[in-house]
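**Student:**
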Amino acid sequence: MSPTPPARRLRLGMPRRMFSQLLLMQLAIAAGVVVLATGLFLAPLSNQLDDQAMRRALAIAQTTAAVPQIAEDLQRSRPTVGGPVQREAERIRKASGAEYVVVMDLNGIRWSHKDPAQVGGHVSTDPRQALSGRDVMEIDSGTLGRSARGKVPLRDDRGRIVGAVSVGIEYDSVRARLIHAIPGLFAYAGGALAVGALAAWIISRRVQRQTRDLAFSDISALLAEREAMLHGIREGVVALDRAGRVRLLNDEAQRLLGIGDEAVGGLPDEVLGEGRTADVLAGRVTGTDLIAVRGQRVLVVNRMPTDDGGAVATLRDRTELEQLGRELDSTHGLIDALRAQDHEHANRMHTLLGLLELEMYDDAVEFVGEVVGDHRATAEQVTEKIGDPLLAALLVGKATVAAERGVALWVSDRTRLPDRLVDPRGLVTVVGNLVDNALDAVAGKPHARVEVELRTEGRTAVLRVRDTGPGIPAEQHELIFTEGWSTKKPPAHGKRGIGLSLVHRLAERQGGSATVGEAAGGGAEFTVVLPEALTEPGPQPGPPGPRPGSERAMAAPATGAAEEGP
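Going by the numbering used here, the first residue of the sequence shown is number -17, and it counts up by one from there.
1) Rounded to whole angstroms, how far is the Cβ of A47 from the Cβ of V134, which I believe are closer than 8 angstroms?
2) What are the uninterrupted segments assigned as alpha helix (DSSP H) that are 4 or more residues long and contained completely in the stretch 27 to 90, given in chain order?
3) Quick one, are the C-beta atoms of A179 and L40 less than 7 angstroms apart?
4) The alpha helix (DSSP H) spanning G481 covers which residue range?
5) Taking buried to mean at least 16 other C-beta atoms within 10 Å of its own C-beta, is G132 buried or exposed?
6) For the pair the stretch 505 to 519 and the stretch 396 to 413, tell me if three or more CB-CB distances fall below 8 angstroms.
7) Counting beta carbon pairs with one atom in the stretch 292 to 301 and one in the stretch 215 to 225, are three or more of them shorter than 8 angstroms?
8) Count the other CB atoms within 10 Å of the CB of Q57; is the residue buried (16 or more) or exposed (fewer)?
9) Measure the alpha-carbon distance for R60 versus A112 and round it to whole angstroms.
10) Can G291 and R237 be called in contact, C-beta distance under 7 angstroms?
11) What did DSSP end up calling L18 once you bin it into helix, strand or coil?
12) Which stretch, first to last residue, makes up the alpha helix (DSSP H) that contains T259?
13) Which of the three DSSP states is assigned to R285 in this structure?
14) Looking at the unbroken beta strand (DSSP E) that takes in D299, where does it start and where does it end?
15) Under DSSP, the alpha helix (DSSP H) around R237 begins and ends at which residues?
16) Are G226 and L249 touching if we call contact CB-CB under 7 angstroms?
17) Would you be able to state if there are at least three C-beta pairs under 8 angstroms between the stretch 108 to 122 and the stretch 74 to 83?
18) In three-state terms, what does DSSP make of M211?
19) In the DSSP output, what is E217 paired with across the bridge?
20) Tell me the rounded alpha-carbon separation between E507 and N232.
21) My output table needs one value for W392: the three-state DSSP class, helix, strand or coil.
22) Let me know the secondary structure DSSP gives M342 once reduced to three states.
23) If we ignore side chains and look at the alpha-carbon of each, how far apart do K427 and G503 end up?
24) Tell me, please, which residues DSSP counts as bridged to D117.
25) What is the rounded straight-line gap between the Cα of G90 and the Cα of V105?
26) Could you pull out every residue in the same chain whose Cβ sits closer than 8 angstroms to the Cβ of L399, ignoring the five residues on either side in sequence?
27) Which same chain residues, not among the five before or five after D401, have their C-beta less than 7 angstroms away from its C-beta?
28) Using a Cβ-Cβ cut-off of 7 angstroms (strictly less than) and excluding sequence neighbours within five positions of M(-17), which residues of its own chain qualify?
29) Excluding sequence positions up to five away, which residues of its chain have a Cβ less than 8 angstroms from the Cβ of R137?
30) For the alpha helix (DSSP H) holding R398, just list the boundary residues, first then last.
31) Could you check whether V393 and V434 sit closer than 7 angstroms to each other, using their CB atoms as the reference points?
32) Is the beta carbon of A245 sitting closer than 7 angstroms to the one on D251?
33) Pop quiz: A43 and S148 are said to be a contact at Cβ under 8 angstroms. What is the actual Cβ separation, rounded to whole angstroms?
34) DSSP puts D449 in a beta bridge; with which residues?
35) Within 10 angstroms of its Cβ, does R188 collect 16 or more other Cβ (buried), or is it exposed?
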């Protein structure tokens, strides 16, 4: 026998689901509004009915007092049951539907009354206000019970007050009118409550669909989890609304993009400026794992539209990965260069061994001297023209890679660069990217040649890299510096389209420029101008013009990321 499941305990209180809570709250609000409106309507309605009854009584009294015959009969006759005043007053009472019409003299003696036995007696309420010439409206009790009363003075044909007229409207009839109006009022209130309940149900159902029938506690927990997740993950998250404005960005996105909370509510072009990063966030550039450069950071951006017409973009920092990729490319190049050097070294050793075995000692010494002298002359030539050791080492080290690829790398005789660079690593990045691009562009072509020229104009450094490749079409001169643009297959470690963009941004950050044009004799010529690149002001002496045979072919190892070439 399976154990009997425990009986469910009845839970009282607010339901957990937001749909139920919202429906109950709206019904309570609608019912409260209806009850309040009904009470606020009934309270003045009772006063309004009392005022209408008193005004009606006053109007009947004024009409009665306006009959001249009543004042004349009051002065000429006695207060009797069959007198002319009693007969006229009863006629008016029956015609108007009043409860009573009482005509009194200056002493407060009744000359007419609904009850004939009261004729000749003193009135039960104080008549002094009416006898003093004032109109009176009031709710009061008398011999016939509670009534709405109107009292006016009675004047003769000369305007003298000779008495007063008091008219009463039965108060029970006023109350009956109020009670009679209540069912209709409740019917309207019930109809309004039904409409309000229907509207509350429709709104609650819509909210239920939009919130997927979650409880308030679930929504609160989701918001707390979202905040913890957004600000805890190491990926940048940018949410945009249907108008394309920034709705949310987490701490990592602020760090990667270099913006703050003030960016919320702005368009990407407004908070980031024009560029590829803003284009990707705005959806003008589509695709997956799109490359964008922000400052010195290389970002991978993915944008996903949302159901409400907005979008969510994620940002990943690939700066370190790109640096590792460039180092990997450089390592591969060095390995290839070392392999070629090893092969060349083996050939030389074999040659040297043969000379020694043939006892051609003088020739062996001359051969060794030539080999050592060539390498020393190459290094001395570069260091004479380029004072910065990092940049000189970059160009000296390129020899084997360029030779292995069959490319002649020339350092122009016009090159002069003192050892006073503000940012030598930045210039190494620029030179390395441009030289690698040029080597990629001319590799495998006959008479391949790359020429590097570095010179100064005051504190400004001017770099030119020329090649004998196919060149860059004129319509692509601006596009080539855009992030993600490339004509080459991506390397094994990731994507292309970064190096030239970094060169362009490095130049712009220093107030300079990076441009591309057509080299003399064909090919591409990249020119980078870096103002304030040297630490000490003052013009440098210009080098003499190039002389035939004054340049020396050299090769260099890759240190920057191979980037977009022609």
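We put the beta carbon where it would ideally sit given N, CA and C, even for glycine.
**Tutor:** So, from the data block:
1) 5 angstroms
2) 50 to 58 and 66 to 78
3) no
4) G481 to R491
5) buried
6) yes
7) yes
8) exposed
9) 21 angstroms
10) no
11) helix
12) R258 to A264
13) strand
14) A293 to D299
15) D233 to L239
16) yes
17) no
18) helix
19) None; E217 has no bridge partner.
20) 42 angstroms
21) strand
22) coil
23) 15 angstroms
24) Beta-bridge pairing links D117 to no other residue.
25) 6 angstroms
26) K367, I368, G369, D370, L373, L436, R437, T438 and A443
27) G369 and D370
28) In this prediction, M(-17) scores a pLDDT of 43, lower than 50, which makes its location untrustworthy; no coordinate-derived value is stated.
29) A47, A53, I143 and V144
30) First-last for R398: undefined, no H or E at that position.
31) yes
32) no
33) 7 angstroms
34) V432
35) exposed
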